[in-house]
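Reading through the structure tokens given below for one structure.
Numbering (my numbering), first residue to last: 174 to 379.
So this is what it looks like as structure tokens:
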């Protein structure tokens, strides 16, 4: 069935900069993360390892694709213009802070190696979370509403030792509302699910 609602949603996107659409803030989109009571502080680093970003085909703030009626793809970006790694980190930090955990963002670039990030976080002398984005995008148009993710989550103890590494991947349908908000809701739900993982919960108890 032809999804007229999605065409309308794409049209609404043109109002982003005019202020006619209400876009969720990082605080509103913060995931309600499940954290152990013992966790008092944490460093959070999200690093972009998407192949098309590493190759330079897409910029670090690439979020997904919208398509014309003829299927022509157009790149879409985080509405703030932030790199995806920074965009997601900001929402994660807000989520942990809401749970009473003193969360600190660690800024990364896609050119940084995981080992260099681990070494830097070890100097923080507190537990750390590293999330590597292997895939993170959407393809949104009248005949498709898919979004994909493939991430590795690494938990380090306060000495920089790796406690666990977990991989998560999947596909989500995108709703017919304002695309920026629909994706933020999806990101929120993804992180809430990830931090319910038993191995991650145990690794955060230090």
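Don't be surprised by glycine CBs; every beta carbon is placed ideally from N, CA and C.
* Following the continuous alpha helix (DSSP H) through residue 240, name the residue where it begins and the one where it ends. => Reading the chain shown from its first residue, position 67 is the one you call residue 240. No alpha helix (DSSP H) contains residue 240, which is instead part of the beta strand (DSSP E) from 235-240.
* Do residue 287 and residue 302 come within 8 Å of each other at the CB atom, strictly closer than that value? -> On the chain shown, residue 302 is found 129 positions in, with the first residue counted as 1. On the chain shown, residue 287 is found 114 positions in, with the first residue counted as 1. No, they are not a contact pair.
* How would you write the range of the alpha helix (DSSP H) that residue 260 sits in, first residue to last? -> In the chain shown, residue 260 corresponds to position 87, counting from 1. Here the alpha helix (DSSP H) through residue 260 covers 257-271.
* Apply the 10 Å Cβ neighbour rule to residue 329 and answer buried if 16 or more other Cβ atoms are within range, or exposed otherwise. => In the chain shown, residue 329 corresponds to position 156, counting from 1. Looking at its Cβ environment, which holds 16 or more other Cβ atoms inside 10 Å, residue 329 is buried.
* Would you list the one or two residues that DSSP bridges to residue 214? => Translated into the one-based positions of the chain shown, residue 214 becomes position 41. In the DSSP output, where bridge partners are listed per residue, residue 214 has 275.
* Asked: Taking the beta strand (DSSP E) that residue 301 falls in, what are its first and last residues?
  -> Translated into the one-based positions of the chain shown, residue 301 becomes position 128. 301-314 is the extent of the beta strand (DSSP E) around residue 301.
* To do: Please determine, among 322, 312, 331, the residue with the shortest C-alpha to C-alpha distance to residue 305.
  => Working through the chain shown from its first residue, we reach residue 305 at position 132. Of the listed residues, the one whose Cα sits closest to residue 305 is 322.
* Are residue 438 and residue 251 touching if we call contact CB-CB under 8 Å? -> As shown, the chain starts at 174 and ends at 379. That puts residue 438 outside it, with no answer to give.
* For residue 252, which three-state DSSP category applies? -> Here residue 252 corresponds to residue number 79 of the chain shown, with the count starting at 1. The answer is coil: DSSP assigns residue 252 none of H, G, I, E or B.
* State the beta-bridge partners of residue 322 as determined by DSSP. => Here residue 322 refers to the residue found at position 149 of the chain shown. DSSP, once it has assigned bridges, lists 309, 343 as partnering residue 322.
* Which of helix, strand or coil does DSSP assign to residue 361? -> Within the chain shown, residue 361 is the residue found at index 188, counting from 1. Helix, per DSSP.
* Asked: Using DSSP with H/G/I as helix, E/B as strand and the rest coil, what is residue 374?
  -> Here the question's residue 374 lines up with position 201 in the chain shown. Helix.
* Residues in its own chain within less than 7 Å of residue 260 by CB, not counting five upstream and five downstream? -> For the purposes of this step, residue 260 is identified with residue 87 of the chain shown, where counting begins at 1. Contacts found: 251, 253.
* Pull up the CB-CB distance for residue 331 and residue 372, whole angstroms please, since I reckon it's below 8 Å. => Position 158 of the chain shown holds residue 331. Position 199 of the chain shown holds residue 372. Not confirmed; about 18 Å, so no contact.
* Can you check DSSP and say which residues form a bridge with residue 204? => Position 31 of the chain shown, counting from 1, holds the residue named residue 204. Answer by DSSP bridge pairing: none, since residue 204 is not bridged.
* Kindly give me the distance between the Cβ atoms of residue 279 and residue 294, rounded to whole angstroms, as I take these residues to be in contact under 8 Å. => Here residue 279 refers to the residue found at position 106 of the chain shown. Here residue 294 refers to the residue found at position 121 of the chain shown. Residue 279 to residue 294, Cβ: 6 Å. Contact.
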